[in-house]
Amino acid sequence: MATEDTPAEAPPAFTAVSELYEGGQILMTGATGFLGQILIEKLLRCFPRVKNIYIIVREKKGLSAQQRIDKMFKTVIFESLHEHMPHFQLKIKVLNGHLDAPNLGLSPEDRSLLMSKVNLVFHCAATLRFDEELKTAINTNMCATLKLLDMAKQCPNLRMFTYVSTAFSHANRKFIEEIIYKPTTHYTELLKLAKMDITHPKYQEARNRLSKENVNTYTLTKAAAEQLIHEEAAYFPVCIFRPSIVVSTWSNPIPGWIDNLYGPTGLVCGAQA
Numbered sequence: 001m002a003t004e005d006t007p008a009e010a011p012p013a014f015t016a017v018s019e020l021y022e023g024g025q026i027l028m029t030g031a032t033g034f035l036g037q038i039l040i041e042k043l044l045r046c047f048p049r050v051k052n053i054y055i056i057v058r059e060k061k062g063l064s065a066q067q068r069i070d071k072m073f074k075t076v077i078f079e080s081l082h083e084h085m086p087h088f089q090l091k092i093k094v095l096n097g098h099l100d101a102p103n104l105g106l107s108p109e110d111r112s113l114l115m116s117k118v119n120l121v122f123h124c125a126a127t128l129r130f131d132e133e134l135k136t137a138i139n140t141n142m143c144a145t146l147k148l149l150d151m152a153k154q155c156p157n158l159r160m161f162t163y164v165s166t167a168f169s170h171a172n173r174k175f176i177e178e179i180i181y182k183p184t185t186h187y188t189e190l191l192k193l194a195k196m197d198i199t200h201p202k203y204q205e206a207r208n209r210l211s212k213e214n215v216n217t218y219t220l221t222k223a224a225a226e227q228l229i230h231e232e233a234a235y236f237p238v239c240i241f242r243p244s245i246v247v248s249t250w251s252n253p254i255p256g257w258i259d260n261l262y263g264p265t266g267l268v269c270g271a272q273a
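The opening residue of the sequence shown carries number 1 in full-length UniProt numbering; numbering runs sequentially from there.
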């Protein structure tokens, strides 16, 4: 990956996208979010030779991980898959877990399964709240990323690790290029804060200082996570994806679908109400 100090090398020979996903054993986090749902549908619709998609899901609001996914697949964006690939759910392997827990909350059996099978990773999970408590943002956006990277290093068949960041990870810059920038705070300093109690004077001092130096805890931890990946993931190809503001679908799988009313979508709906 290119950095401020190291220019990008000449790109390697292109490989057909379909070849990359041939026999894909994909691990995905954030599968129940908007981007995760769209990605699952896209992968299965466009690359039918994908073998399995493993998704780490936690229990929530009285529903088990499997119940949450069963409910998700009843939404309108999966209607086309139900029609044209009626058995697609057999490719979805739901694993109980929690990204904030040790070893991602996975059982030893599930962890061993992933390390032996997975060849592609999509890390989409994150806390998106701009006003999130710093420690919570570090745990979810950085510590979970580090745990996932540590497991990926033990996947002998890994082809690619894709991390979903944000176009605003370096919001203090006027122009963002496709390189890895040095964040305002080194990721190791933030990881140390995650181990402190939020009432500790040193934690509160650091939080107050960082809140003045950065736009919010979301962009701070996303920028630091990019640096973490750049320095820790030297064993396999990595892709850092920086989407801008996420809005509704344009046309596929259906026009105008979105599962929340945040950002500009909410403003448009509010103006039309």
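Virtual Cβ for every residue (Gly too), placed ideally from N, Cα, C.
A quick note: this is a predicted structure, and the numbers were derived from the prediction, not measured.
In chain order, which alpha helix (DSSP H) runs of at least 4 residues are fully inside the stretch 16 to 57?
Entirely contained in the stretch 16 to 57, the alpha helix (DSSP H) runs reaching 4 residues are, in chain order, 17 to 21 and 34 to 46.
Whose C-beta lies closer than 6 Å to the C-beta of H123 among residues of the same chain, with five residues either side of it excluded?
Correct list, in chain order: T29, L148 and Y163.
Considering only C-alpha positions, which residue in the set L99, A126 and R58 is nearest to F34?
Closest by alpha carbon: A126.
What would DSSP say about F161, mapped onto helix, strand or coil?
It is a strand residue.
Counting only the same chain and skipping the five closest in sequence on each side, list residues whose C-beta sits under 6 Å from that of K117.
Result list for K117: Q25, in chain order.
Leaving aside the five residues before and after A65 along the sequence, list all residues of the same chain whose C-beta is less than 7 Å from its C-beta, in chain order.
So the list reads V57, R58, E59, V94 and N96, once near-sequence residues are dropped.
Compute the Euclidean distance between the alpha carbons of L39 and D150, then round it to the nearest angstrom.
About 24 Å.
Using CA atoms only, rank isn't needed, just tell me which of K51, I198 and L99 is closest to Q89.
Answer by Cα proximity: K51.
Are T185 and L210 close, meaning C-beta to C-beta below 8 Å?
Yes.
Considering only residues of the same chain and omitting the five flanking positions on each side of L99, which have a CB-CB separation below 6 Å?
Correct list, in chain order: A125 and A144.
In terms of DSSP beta bridges, what is K60 paired with?
L63.
Between Q37, N119, Y187 and K71, which lies nearest to W257 when the distance is taken from Cα to Cα?
Measuring from the Cα of W257, the nearest candidate turns out to be Q37.
Along the alpha helix (DSSP H) that carries I229, what are the first and last residues, could you check?
Per DSSP, I229 belongs to the alpha helix (DSSP H) from T217 to E232.
Just reading off the beta strand (DSSP E) that I240 is part of, what are its end residues?
Start and end: V238 to F241.
Among the candidates Y187, L158 and I198, whose CA atom is the shortest distance from the CA of P237?
Nearest C-alpha to P237: L158.
Can you tell me whether P86 is buried or exposed? The criterion is at least 16 other CB atoms within 10 Å of its CB, across all chains shown.
Answer is exposed; the Cβ neighbour count stays below 16.
Would you say L227 and P183 are within 8 Å of each other, going by their C-beta atoms?
For the record, residue 227 in the displayed sequence is Gln; it is not Leu. The answer is yes: Cβ separation under 8 Å.
Taking 8 Å as the threshold, find out whether the stretch 232 to 247 comes into contact with the stretch 163 to 177 through three or more Cβ pairs.
Segments in contact, yes.
Compute the distance between the beta-carbons of P255 and I77, then report whether it is under 8 Å.
No, the pair does not count as a contact, with Cβ atoms beyond the cut-off.
Assuming contact is defined by CB atoms lying nearer than 8 Å, are A223 and S169 in contact in what I supplied?
Going by C-beta atoms, A223 is nearer than 8 Å to S169.
By the three-class DSSP mapping on this structure, what secondary structure does N96 have?
The answer is strand: DSSP assigns N96 an E or B state.
I believe M72 touches T136 by the beta-carbon criterion, under 8 Å. Please report the beta-carbon distance rounded to the nearest angstrom.
No, M72 and T136 are not in contact; Cβ-Cβ is about 24 Å, not under 8 Å.
Per DSSP, F175 forms a beta bridge with which residues?
Beta-bridge pairing links F175 to no other residue.
Please state whether DSSP places F73 in a helix, a strand or coil.
Note: F73 maps to coil in three-state DSSP.
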